[in-house]
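Report on one structure; see the data block that follows.
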Amino acid sequence: MASDTFKISKKAEENLLKILDYYTDIDETLAKRFFEEISKCFEYIRDNPYLFAKRYKEIRVCFTKVFPYGIFYIVRITPKRKITAITIINILHTSRRVRYKE
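Just so you know, we're using this note's numbering here: the sequence shown kicks off at 4 and counts up by one.
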């Protein structure tokens with residue numbers, strides 16, 4: 004899959020950097036392991052975008068195996084089912100409540 008079809012939203016990138024900062028403050032090796040696991044998940048998503056089931060309308064979630072995070076993404080397709088984009092929309096902790104603005 005072409006790299007221009009795989010995108011990371013600004014919000015997902017911001018959250019990824021915050022998570023990496025958090026783990027770096029604890030231990031740099033831990034941060035490196037987290038980044039490797041996230042990178043592996045990105046690779047799974049890029050290579051097999053339909054591997055993970057839809058959870059919320061068109062949003063799919065890939066859960067990391069070791070760390071408690073979910074990678075939320077959308078697969079954009081043409082009417083003929085050709086993938087035009089895979090967008091990572093957020094990376095969230097699986098145990099924390101998320102408050103949305105109303």
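Quick reminder that beta carbons are idealized off the backbone N, C-alpha and C, glycines included.
Beta-bridge pairing of residue i - partner residues as DSSP gives them
i	result
Tyr76	Arg63, Ile91
Lys43	Looking at the DSSP assignment, Lys43 forms no beta bridge with any residue, so it has no partner.
Phe9	Ile89
Lys68	The partner list for Lys68 (beta bridge, DSSP) is empty, contrary to what the question assumes.
Lys57	Arg63
For residue i, the nearest candidate out of the options (CA to CA)
i	options	result
Glu16	Ser42, Thr32, Lys57, Asn51	Ser42
Glu46	Phe9, Thr97, Lys85	Phe9
Arg36	Val69, Lys14, Ile80	Val69
Tyr53	Thr97, Ile11, Ala88	Ala88
Supposed close pair residue i, residue j - CB separation, criterion 8 Å
i	j	result
Ile74	Ile91	6 Å
Ile94	Asn18	5 Å
**Prompt:** Three or more beta-carbon pairs under 8 Å between the region 14-30 and the region 50-61, yes or no?
**Reply:** no
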